[in-house]
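In this note's numbering, the protein residues as written are 6 to 167.
Accompanying notes for the structure given below.
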Amino acid sequence: MQDDAEERISSRDSSKLSDQCKNISVSEIMSRDPVSFREDDTIESIIKVMLEYSYHIYPVVDKRRNLVGTIDPGNVLEFLFFERIPRNNHTHLMAVRSLSETAEKMMVDHPLTVDHKTDLCDVADLMMKHHLERICVVNGNKLLGVVSRLDLIKKICSLRSN
């Protein structure tokens, strides 16, 4: 039993995953053209897309594909059940969102993003620090893609097996 654990540790150490990850940019593993919403998308269209494509976050973009925010299923749930949230937990932002009918009003402004040149170690650090499932990948403000924990795990597994 101890030999198995030692083998796993030594194979992990010998592969120097951190060194390898520093040489790989997130653009190499991100999903391009992610499912996203436009600012003027309605709550009905948002729900329809969420039921078809199950993700933790969805980018919201303007007409030029600039990232302007994100929406997650929690935003939609707050919209649908706002009256069930105890009044002492209401915030002004929640009240505004509950009256909203578009992505622009429901989205979270200024989401955490990474530049397309960011290395995989830095992406992994951000995901672990902020407990994120997916992060939007940008070049300036332009949305290029989304990277998920599973994207990272797949790449790390392929590096470990080499």
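Beta carbons: idealized from backbone N, C-alpha and C, even for Gly.
One thing to note: H121 has its Cβ no nearer than 7 Å to the Cβ of V151. Cα atoms of G145 and L72: separation of roughly 9 Å, rounded to the nearest angstrom. When C-beta atoms of the region 41-55 are compared with those of the region 132-140, fewer than three pairs fall below 8 Å, so the two segments do not count as touching.
Between V31 and T123, the CB-CB gap stays under 7 Å. Under DSSP, the beta-bridge partners assigned to K147 are N71, N144. Annotated three-state conformation of V66 is strand, per DSSP. Per DSSP, D130 is one residue of the alpha helix (DSSP H) stretching across 125-135. Looking from the CA of L148, the closest CA among D130, E57, D38 belongs to D38.
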